[in-house]
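Residue numbers (the working numbering): 2 to 314. Below: the structure, in structure tokens.
The following block contains the structure:
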């Protein structure tokens, strides 16, 4: 019964969010090409650069590996509602060439269980996966800067949500109604979180929005993550920040931390004491605790990275 209710609710939400007009009808410069047994309709973006975007497709089902090229054109994006309402797709994988995904591109794909975006994906539109209530896992890549409004609204089967370190903003209701997600980490680069973005669902018993039971937000102390959690009375766990060697505050110790320290050393050599590191970054970077940032600290971070790498082999 719960499953049936969620499907009906998702269908209603999608219908309200997207008009019933024909998808991408009458597009200019549109062509059709066959790929992997399916017919793709695409629109040319630039004849000079030989780039195009997918408008829609016919015959897609099961696992779908999207094309990186159709005819002589490189596919760089998906148009608005490109695969809207397709109930046969179960998995979708993106090539590196596709950097932009339009609004509601997969909204209403009720059988979609897995989506793997390329690391090169730069933009996804609002409501992209809205109402995909079979969606369990999503990989968002490494370069995405924003998770838009209603992106995963009513994805009731989603059980894990990972925010890439590159993200700086999370839109309103981005993860609204994702009741199987028990918690989320907010990287330190995130500067904005919209209303009801995470950890909130509609509670039938109270007929109002409420915090998902047991939901927890983790992130840097005194950050937007903590502010959001306190605003909605969500449990907050201090997770990022105070880690020896973590110069870029991403919650991990990597060679990029040593690079960050070396860059700072170079800047200090040019500008004297005009430091660009925050106090927390300085504390993490000062490996020998001499209240200075030098190449010695970078060397110690590299050594620690090597030790960690060796211990995981």
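The beta-carbon is built from N, C-alpha and C at its ideal position, and this holds for glycine as well.
Asked, Found
"Tell me whether the beta-carbon of residue 144 lies closer than 9 Å to the beta-carbon of residue 180.", "no"
"Count the other CB atoms within 10 Å of the CB of residue 350; is the residue buried (16 or more) or exposed (fewer)?", "Nothing about residue 350 can be reported from this structure: the residues present for the chain run from 2 to 314 only."
"I need the boundaries of the alpha helix (DSSP H) containing residue 280, first residue and last residue.", "280–286"
"Cα separation between residue 35 and residue 155?", "33 Å"
"Who pairs with residue 101 in a beta bridge, going by DSSP?", "78, 124"
"For residue 288, count neighbouring Cβ atoms within 10 angstroms of its own Cβ and tell me buried if that reaches 16, exposed if not.", "buried"
"Please state whether DSSP places residue 319 in a helix, a strand or coil.", "No answer is possible for residue 319: it lies beyond the span of the chain, which begins at 2 and ends at 314."
"How many whole angstroms separate the CB atoms of residue 168 and residue 147, which I take to be in contact at a CB cut-off of 8 Å?", "6 Å"
"Suppose contacts are defined by Cβ-Cβ distances below 9 Å. Is residue 184 in contact with residue 209 by that definition?", "no"
"Three or more beta-carbon pairs under 8 Å between the region 125–135 and the region 88–108, yes or no?", "yes"
"Mapping DSSP to helix, strand and coil, what is residue 305?", "helix"
"Could you check which residue in 304, 114, 33 has the C-alpha nearest to that of residue 90?", "114"
"CA-CA distance, residue 112 and residue 233?", "32 Å"
"Beta-carbon separation of residue 247 and residue 285 under 9 Å?", "yes"
"Which residue's Cα is closest to the Cα of residue 38: 122, 235, 283, 66?", "66"
"Under a three-way DSSP split, which group does residue 91 fall into?", "strand"
"So residue 281 packs on residue 250, CB below 8 Å; how close in whole Å?", "7 Å"
"Which of the three DSSP states is assigned to residue 1 in this structure?", "Not covered by the structure: residue 1. The range shown for the chain is 2 to 314."
"Taking the beta strand (DSSP E) that residue 35 belongs to, which residues open and close that run?", "31–36"
"Looking at residue 199 and residue 229, is the spacing between their C-beta atoms short of 9 Å?", "yes"
"Alpha carbon to alpha carbon, what distance is there between residue 42 and residue 33?", "4 Å"
"How big is the Cα-Cα spacing for residue 140 and residue 173?", "20 Å"
"Which same chain residues end up closer than 8 Å to residue 159 when comparing Cβ atoms and leaving out the 5 residues on each side of it in sequence?", "136, 137, 138, 139, 153, 176, 179, 181, 182"
"Start and end of the beta strand (DSSP E) containing residue 53?", "52–59"
"In terms of residues, what are the limits of the beta strand (DSSP E) holding residue 41?", "39–47"
"Using the beta-carbon count (16 or more within 10 Å), is residue 40 buried or exposed?", "exposed"
"Could you please give the first and the last residue of the uninterrupted beta strand (DSSP E) stretch that includes residue 116?", "115–117"
"Run through DSSP, which three-state label would residue 225 get?", "helix"
"Distance, Cα to Cα, residue 217 vs residue 100?", "31 Å"
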